[in-house]
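Enquirer: Quick one: the structure is below, questions incoming.
Residue numbers (the working numbering): 18 to 324.
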C-alpha cells in the first residue's frame with residue numbers, strides 16, 4: 018500500500034512516501050480485506066489513488082450525503098458523535114450571540130446548517146482515508162493481543178469491521194436526542210414564538226393564544242426579540258376589525274426553559290395602554306362565556322330562567 022519503493026521490514030513507515038507499514042504489505046492487505054468485507058475492492062481503489070496525492074483525499078458520495086449514518090454504518094461511532102456534538106456547540110454559540118434565527122420548516126440555525134454543509138463536503142473528501150486509519154487502528158489492537166489461532170483472528174477481524182445496521186439506528190436515536198436537547202437548551206426564534214402560539218393565558222386556559230389571535234385579528238404576524246438585559250420577548254402584530262383600522266401590538270415575556278408566558282405590553286395605534294385595556298381586548302378576542310351561565314333549558318320556570 019506504499020509508493021512501491023522497497024522498504025525495510027523493521028520500519029514502521031516508508032522512507033519515501035511515509036506510508037505506514039505493518040508486517041509486510043500482503044499481510045496487511047489480507048487483514049484489511051477481512052476487516053472491510055465485501056466492499057474492499059472499492060476502498061482499495063480509493064486508498065491506492067490517495068497514495069498519489071499529498072492530502073490523501075478521494076471522493077465518497079455515500080459519506081458526504083449520509084454523513085453521520087455512514088459513520089455509524091462503518092462503526093466509527095466516536096467520529097459520528099463528534100459530528101453531532103459540533104452541531105450542538107454551534108447552536109449554543111449562535112444562541113448566546115443572538116444569531117438564533119431558525120430557518121423555516123427545518124427550524125435549524127443557519128450557522129449550524131453551514132457547519133453541517135462544510136462538514137459533509139469535508140467528510141466526502143476524506144472519509145475513505147478516515148476509514149483507512151480507523152481500520153488500521155482496529156487491526157493493530159487485535160494483532161497486539163497476540164492471537165495464535167488464525168481462525169479466531171480471522172473471525173475477530175471480520176466482527177471488528179464490516180458493516181453495522183444497528184449503528185445506523187443508534188446514530189439516528191442519538192441525533193434525535195441531541196437535537197431535542199439542543200432545541201431545549203438553545204432554542205431558535207421559531208421555538209420561542211411557538212411557545213407563545215401554543216400556550217394559553219391564565220384567564221383563558223382552554224384556548225391557545227395563536228389560534229385565537231390569528232382568527233380574531235387581520236394580517237397576524239409574530240416576531241421574536243431579545244432585550245439587552247437578556248429578556249426574551251415575542252411580539253404579535255395584527256389589525257382589529259371595526260369602523261377604523263386599528264393596529265394592535267402585544268408583547269409577551271417568555272421564560273422558555275420554564276414554559277411560562279406573561280403579557281408584557283399592549284399598544285393600540287402606537288399608544289401604550291393600561292392593563293385594563295388589555296383584559297378588555299382579551300374578552301373580545303376570546304368571547305368566553307361562563308359555562309355555568311349557559312341556558313340549558315332544564316330549569317324553565319325557575320327563578321334563574323325568569324330573570
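Beta carbons: idealized from backbone N, C-alpha and C, even for Gly.
Runs of 3 residues minimum, wholly inside the region 186-274: which ones carry the beta strand (DSSP E) assignment?
Expert: Within the region 186-274, the complete beta strand (DSSP E) runs of at least 3 residues are 235-243, 249-257, 263-272.
Enquirer: In terms of residue numbering, what span does the alpha helix (DSSP H) encompassing residue 65 cover?
Expert: Counting from one through the chain shown, the residue named residue 65 turns up at place 48. Note, residue 65: alpha helix (DSSP H), 57-67.
Enquirer: Provide the residue span of the beta strand (DSSP E) that contains residue 281, from first to last.
Expert: Counting from 1 along the chain shown, the entry for residue 281 is found at position 264. Where residue 281 is concerned, the enclosing beta strand (DSSP E) stretches over 277-285.
Enquirer: Buried or exposed for residue 304, going by 16 or more other Cβ atoms inside 10 Å?
Expert: As a first step, residue 304 is located in the chain shown; it is residue number 287 there, counting from the start. The residue in question, residue 304, is exposed, as its Cβ has fewer than 16 Cβ neighbours within 10 Å.
Enquirer: Count the other CB atoms, across all protein chains shown, that sit within 10 Å of the CB of residue 214; report buried if there are 16 or more and exposed otherwise.
Expert: The count along the chain shown starts at 1 and reaches residue 214 at position 197. That one is buried.
Enquirer: Between the region 102-113 and the region 69-81, do three or more beta carbon pairs fall short of 8 Å?
Expert: Too few Cβ pairs lie closer than 8 Å, so no.
Enquirer: Where do the ends of the alpha helix (DSSP H) carrying residue 76 lie?
Expert: Here residue 76 refers to the residue found at position 59 of the chain shown. Neither: residue 76 is in no alpha helix (DSSP H) and is coded neither H nor E.
Enquirer: Excluding five sequence neighbours on each side, which residues of the same chain lie with their C-beta closer than 8 Å to the C-beta of residue 208?
Expert: Along the chain shown, one-based indexing puts residue 208 at 191. Contacts found: 119, 124, 200, 273.
Enquirer: Measure from the alpha carbon of residue 133 to the alpha carbon of each residue in 228, 97, 62, 69, then state which is nearest.
Expert: Here residue 133 is taken as the residue at index 116 of the chain shown, counted from 1. Residue 133 has its Cα closest to that of 97, out of 228, 97, 62, 69.
Enquirer: Roughly how many angstroms separate the alpha carbons of residue 230 and residue 218, rounded to a whole number?
Expert: In the chain shown, residue 230 corresponds to position 213, counting from 1. In the chain shown, residue 218 corresponds to position 201, counting from 1. Answer to the nearest angstrom: the Cα atoms are 12 Å apart.
Enquirer: Measure the alpha-carbon distance for residue 50 versus residue 95 and round it to whole angstroms.
Expert: By 1-based counting over the chain shown, the position of residue 50 is 33. By 1-based counting over the chain shown, the position of residue 95 is 78. Those two C-alpha atoms are separated by around 23 Å.
Enquirer: Pull up the distance between the alpha-carbon of residue 40 and that of residue 48, whole angstroms please.
Expert: Translated into the one-based positions of the chain shown, residue 40 becomes position 23. Translated into the one-based positions of the chain shown, residue 48 becomes position 31. Here residue 40 scores only 48 on pLDDT, less than 50, and its place in the model is too uncertain to base an answer on.
Enquirer: If you measure between the beta carbons of residue 224 and residue 299, is that distance less than 8 Å?
Expert: By 1-based counting over the chain shown, the position of residue 224 is 207. By 1-based counting over the chain shown, the position of residue 299 is 282. Contact: no.
Enquirer: Below 8 Å on the Cβ atoms is my contact criterion, and I expect residue 256 with residue 263 to pass it. Report the Cβ-Cβ distance as a whole number of Å.
Expert: As a first step, residue 256 must be located in the chain shown, where it is residue number 239. As a first step, residue 263 must be located in the chain shown, where it is residue number 246. The pair is a contact, with the Cβ atoms about 6 Å apart (cut-off 8 Å).
Enquirer: Among 156, 58, 175, 181, which residue has its Cα nearest to the Cα of residue 88?
Expert: Your numbering for residue 88 matches position 71 in the chain shown. The residue with the shortest Cα to Cα distance from residue 88 is 181.
Enquirer: Pull up the CB-CB distance for residue 145 and residue 60, whole angstroms please, since I reckon it's below 8 Å.
Expert: Translated into the one-based positions of the chain shown, residue 145 becomes position 128. Translated into the one-based positions of the chain shown, residue 60 becomes position 43. Their Cβ separation, rounded to whole angstroms, is 6 Å, which keeps residue 145 and residue 60 in contact under 8 Å.
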